[in-house]
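Each remark here refers to the structure printed beneath this line.
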Amino acid sequence: MKNGYFVISLDFELRWGSYSWDANHTYDPHIVGARKAIPDILKTFASYQVHATWATVGALFAPSKTAILDANKQHFNNTSTPQIESFLKECTTLGENESEDPAHYALSLIEKISATEHQEIGLHTYSHFYCLDNKDAEQAFQNDTRAALTMMNAQNIEPKSFVFPRNQFNPALLNTLKEHGMHTVRGNEKHSLYREREGRERKLHRALRLMDAYVNISGQHTFAPDTCVEQDVINIPSSRFLRPYAKQARFLEPLKLYRIKKAMRHASRRGEVFHLWFHPHNFGTNIKENIAMLQEICQYYEDLQNEFGFESVTMQELAQKLARKEVNL
Numbered sequence: 003m004k005n006g007y008f009v010i011s012l013d014f015e016l017r018w019g020s021y022s023w024d025a026n027h028t029y030d031p032h033i034v035g036a037r038k039a040i041p042d043i044l045k046t047f048a049s050y051q052v053h054a055t056w057a058t059v060g061a062l063f064a065p066s067k068t069a070i071l072d073a074n075k076q077h078f079n080n081t082s083t084p085q086i087e088s089f090l091k092e093c094t095t096l097g098e099n100e101s102e103d104p105a106h107y108a109l110s111l112i113e114k115i116s117a118t119e120h121q122e123i124g125l126h127t128y129s130h131f132y133c134l135d136n137k138d139a140e141q142a143f144q145n146d147t148r149a150a151l152t153m154m155n156a157q158n159i160e161p162k163s164f165v166f167p168r169n170q171f172n173p174a175l176l177n178t179l180k181e182h183g184m185h186t187v188r189g190n191e192k193h194s195l196y197r198e199r200e201g202r203e204r205k206l207h208r209a210l211r212l213m214d215a216y217v218n219i220s221g222q223h224t225f226a227p228d229t230c231v232e233q234d235v236i237n238i239p240s241s242r243f244l245r246p247y248a249k250q251a252r253f254l255e256p257l258k259l260y261r262i263k264k265a266m267r268h269a270s271r272r273g274e275v276f277h278l279w280f281h282p283h284n285f286g287t288n289i290k291e292n293i294a295m296l297q298e299i300c301q302y303y304e305d306l307q308n309e310f311g312f313e314s315v316t317m318q319e320l321a322q323k324l325a326r327k328e329v330n331l
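Here you go:
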């Protein structure tokens, strides 16, 4: 029987995901809330035996401001892209450690993730590097990756999976990832609404994508496992962004969950993959409602597991199954 696979990936960023566009720190309540939500997310995953990949910004691994500044000096002396300059400027504002500055450091949370069964820690660049906005920046990306690995390896973590910030998938950078042992990436849905774009999204595309979360405009975005194999890279595209609970749109929540569940059932019945993703900071407000939503999705996964053998896997676990030819092709 074709069982199908359920993949969840999270883009774990805290303040590093917002410094480039939120100079006034208006988004900070979501960042603070993310730290409260993460233990509940992990508890939910553990309760339902859900496997997940946490694509984590490398700077979050730093134990101190000194460690970040030393890494910056080592890896960015000859780098001059505007975004790296913005990142270096942000680093001058840091507190000394996680207790002083919980928005920029997250070692204690990373340790909780590592200690939770079936959780994978992947990479989301060191500086939340935009991989399409930075033109001809292969060297800057190489330096960014090396800086991230400096931090992660110090914590005995070697990432195997990678997620592009802001979903700016750039094939030109795959060789750098492979050089550093990352052969598994998250691509985007194969539809014009989700095509990779530079800069902030256009309002029309954002509006249509918002509508697509509740009404099927673009399709289910499930896919056969073997379509992930692209030469020597495993590209596991996203199927659906898990939009957070919104009080002003609470009457639409059943539609959103129905859309997700229908795609999950479609994947489980056809032996395909459904890949759900979100940011922990999306759960940073309305935490109770967001966790209840996640629990409902995980409960439905459990129902599909019992009915069809639907299997929860991390990005790397699916890649390993493909390499060993254990999936249903």
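Numbers in my numbering are just positions in the sequence shown, counted from 1, shifted up by 2. Virtual Cβ for every residue (Gly too), placed ideally from N, Cα, C. Predicted model, so just to flag it, every value in this text is computed and none were measured.
Quiz item: Roughly how far, in whole angstroms, is the beta-carbon of Lys240 from the beta-carbon of Gly6, given that I think they are within contact range, below 8 Å?
Solution: Sequence index remark: in the sequence shown, residue 240 carries index 238 (1-based). Sequence index remark: in the sequence shown, residue 6 carries index 4 (1-based). Sequence inspection shows Ser at residue 240; the Lys mentioned does not correspond to that position. Wrong, their Cβ atoms sit about 16 Å apart, outside the cutoff.
Exercise. Classify Thr152 as helix, strand or coil using the three-state DSSP reduction.
Key: Translated into positions along the sequence shown, residue 152 becomes position 150. Three-state DSSP puts Thr152 in a helix.
Self-check item: Coarse secondary structure for Gly311, derived from DSSP in three states
Solution: As a working note, residue 311 is residue 309 in the sequence shown. It is coil, neither helix nor strand.
Quiz item: In angstroms, rounded to a whole number, what distance separates the CA positions of Val235 and Thr186?
Solution: Translated into positions along the sequence shown, residue 235 becomes position 233. Translated into positions along the sequence shown, residue 186 becomes position 184. Those two C-alpha atoms are separated by around 6 Å.
Quiz prompt | At least 3 beta-carbon pairs within less than 8 Å: the segment 291–298 vs the segment 160–167 | solution = No, the segment 291–298 is not in contact with the segment 160–167.
Quiz prompt | Pick from Gln301, Asn177, Thr229 and Glu181 that is closest to Glu191, judged by C-alpha positions | solution = Residue mapping note: residue 191 aligns to position 189 of the sequence shown, counting from 1. Nearest C-alpha to Glu191: Thr229.
Quiz item: For Gly60, which of helix, strand or coil comes out of DSSP?
Solution: Stepping through the sequence shown from its first residue, residue 60 is reached at position 58. In this structure, Gly60 counts as helix in the three-state DSSP scheme.
Self-check item: Straight-line Cα distance separating Leu206 from Arg267
Solution: Here residue 267 is taken as the residue at index 265 of the sequence shown, counted from 1. Here residue 206 is taken as the residue at index 204 of the sequence shown, counted from 1. Each residue's alpha carbon lies about 30 Å from the other.
Quiz item: Relative to the alpha-carbon of Trp56, which residue among Lys45, Pro256, Phe14 and Ser129 has its alpha-carbon at the smallest distance?
Solution: Taking the sequence shown and counting its residues from 1, one reaches residue 56 at position 54. Measuring from the Cα of Trp56, the nearest candidate turns out to be Phe14.
Exercise. Enumerate in chain order the residues of its own chain whose CB-to-CB distance from Glu319 is below 8 Å, with the five nearest sequence positions on each side excluded.
Key: Start at 1 with the first residue of the sequence shown, and residue 319 comes out as number 317. When the five nearest sequence neighbours on each side are left out, the beta carbons in the same chain lying within less than 8 Å of the beta carbon of Glu319 are those of His53 and Glu122, in order along the chain.
Quiz item: If Thr58 sits next to Ile112, beta carbons under 8 Å apart, how far is it from one beta carbon to the other, in whole angstroms?
Solution: Position 56 of the sequence shown, counting from 1, holds the residue named residue 58. Position 110 of the sequence shown, counting from 1, holds the residue named residue 112. At roughly 7 Å, the Cβ-Cβ gap stays under 8 Å, so Thr58 and Ile112 are in contact.
Exercise. Grab the span of the alpha helix (DSSP H) containing Phe47 for me, first residue to last.
Key: Along the sequence shown, read from residue 1 onward, the residue named residue 47 stands at position 45. It spans Asp30 to Ser49 - the alpha helix (DSSP H) in which Phe47 sits, taken as one unbroken run.
Quiz item: Who pairs with Ser163 in a beta bridge, going by DSSP?
Solution: In the sequence shown, residue 163 corresponds to position 161, counting from 1. DSSP, once it has assigned bridges, lists Thr186 as partnering Ser163.
Quiz item: Per the contact definition of three or more C-beta pairs closer than 8 Å, is the segment 164–175 in contact with the segment 83–101?
Solution: In short, these stretches do not touch, since the Cβ pair count stays below three.
Practice problem: Please look up how many angstroms separate the CB atoms of Ser129 and Glu98, rounded, as I've assumed it's under 8 Å. | Solution: Along the sequence shown, one-based indexing puts residue 129 at 127. Along the sequence shown, one-based indexing puts residue 98 at 96. Wrong, their Cβ atoms sit about 20 Å apart, outside the cutoff.
Quiz item: Which of the three DSSP states, helix, strand or coil, is assigned to Ser11?
Solution: Here residue 11 corresponds to residue number 9 of the sequence shown, with the count starting at 1. Strand at Ser11.
Quiz item: So, is Glu313 buried or exposed, given that buried needs 16 or more other C-beta atoms within 10 angstroms?
Solution: Numbered from 1 along the sequence shown, position 311 holds the residue referred to as residue 313. It is buried - the Cβ of Glu313 has at least 16 other Cβ atoms within 10 Å.
Practice problem: Please work out which residues of its chain come closer than 6 Å, Cβ to Cβ, to Asp146, disregarding the five sequence neighbours upstream and downstream, and give them in chain order. | Solution: Position 144 of the sequence shown holds residue 146. Apart from the 5 residues on each side of it in sequence, Asp146 sits with its Cβ closer than 6 Å to the Cβ of Thr127, Tyr128, Ser129 and Phe131 in its chain, given in chain order.
Practice problem: Return the CA-CA distance between Pro104 and Gly273, expressed in angstroms with no decimal places. | Solution: Numbered from 1 along the sequence shown, position 102 holds the residue referred to as residue 104. Numbered from 1 along the sequence shown, position 271 holds the residue referred to as residue 273. Roughly 42 Å separates the two Cα atoms.
Quiz item: What is the DSSP secondary structure of Gln157, reduced to helix, strand or coil?
Solution: As a working mapping, residue 157 is identified with position 155 in the sequence shown. Here Gln157 sits in coil by DSSP.
Quiz item: Do Leu210 and Arg242 have their CB atoms nearer than 8 Å?
Solution: By 1-based counting over the sequence shown, the position of residue 210 is 208. By 1-based counting over the sequence shown, the position of residue 242 is 240. No, they are not a contact pair.
Quiz item: Using DSSP with H/G/I as helix, E/B as strand and the rest coil, what is Phe225?
Solution: Here residue 225 refers to the residue found at position 223 when the sequence shown is read from its first residue. Strand at Phe225.
Quiz item: Whose C-alpha, out of Leu179, Pro256 and His223, is nearest the C-alpha of Leu151?
Solution: Here residue 151 refers to the residue found at position 149 when the sequence shown is read from its first residue. In terms of CA proximity to Leu151, Leu179 leads the group Leu179, Pro256 and His223.
Quiz item: For Asn26, does the count of other Cβ atoms within 10 angstroms reach 16, so buried, or fall short, so exposed?
Solution: Taking the sequence shown and counting its residues from 1, the one referred to as residue 26 is at position 24. Residue burial annotation: Asn26 is exposed, with fewer than 16 other C-beta atoms found within 10 angstroms of its C-beta.
Exercise. Determine the contact status of Leu176 and Cys133, defining contact as a CB-CB distance below 8 Å.
Key: Along the sequence shown, read from residue 1 onward, the residue named residue 176 stands at position 174. Along the sequence shown, read from residue 1 onward, the residue named residue 133 stands at position 131. With contacts defined by Cβ atoms closer than 8 Å, Leu176 and Cys133 do not form a contacting pair.
Quiz item: Where does Phe78 fall in DSSP's three states?
Solution: As a first step, residue 78 must be located in the sequence shown, where it is residue number 76. Here Phe78 sits in coil by DSSP.
Practice problem: Measure the alpha-carbon distance for His31 versus Ile238 and round it to whole angstroms. | Solution: The residue given as residue 31 occupies position 29 in the sequence shown. The residue given as residue 238 occupies position 236 in the sequence shown. Contrary to the premise, residue 31 reads as Pro rather than His in this sequence. Near 31 Å, if we compare the C-alpha coordinates of Ile238 and Pro31.
Exercise. Go through its chain and collect everything with a Cβ distance to Ile70's Cβ below 7 Å, but skip five positions before and after it.
Key: Counting from one through the sequence shown, the residue named residue 70 turns up at place 68. Around Ile70: Ala61, Ala64, Cys93 and Leu96.
Exercise. Taking only heavy atoms of the ligand GDP into account, decide whether any of them is closer than 7 Å to the Cβ of Ile262.
Key: The model on display carries no ligand, and the ligand GDP is accordingly not part of it.
Quiz item: To which residues of the same chain is Glu291 closer than 6 Å at the C-beta, ignoring the five residues directly before and after it?
Solution: Position 289 of the sequence shown, counted from the first residue, corresponds to residue 291. Non-local C-beta neighbours of Glu291 in its own chain, meaning closer than 6 Å and more than five positions away in sequence, comprise Tyr247, ordered along the chain.
Quiz item: For Ile33 versus His283, is the C-beta distance shorter than 8 Å?
Solution: Taking the sequence shown and counting its residues from 1, one reaches residue 33 at position 31. Taking the sequence shown and counting its residues from 1, one reaches residue 283 at position 281. In contact: Ile33 and His283 (Cβ atoms closer than 8 Å).
Quiz item: Just reading off the beta strand (DSSP E) that Gln121 is part of, what are its end residues?
Solution: For the purposes of this step, residue 121 is identified with residue 119 of the sequence shown, where counting begins at 1. Element bounds for Gln121: Gln121 to Leu125.
Quiz item: Just curious, the alpha helix (DSSP H) that Leu109 is in, first and last residue?
Solution: For the purposes of this step, residue 109 is taken as residue 107 along the sequence shown, with counting starting at 1. For Leu109, the enclosing alpha helix (DSSP H) stretches over residues Leu109 to Ala117.
Quiz prompt | Span separating the alpha-carbon of Ser372 from that of Ala251 | solution = Look at the range of the chain in this structure, 3 to 331, and you will see that residue 372 is not part of it.
Exercise. Can you say whether Tyr260 is buried or exposed, counting buried as having 16 or more other CB atoms within 10 angstroms of its CB?
Key: The residue given as residue 260 occupies position 258 in the sequence shown. By the beta-carbon neighbour count (other beta carbons within 10 angstroms, threshold 16), Tyr260 is exposed.
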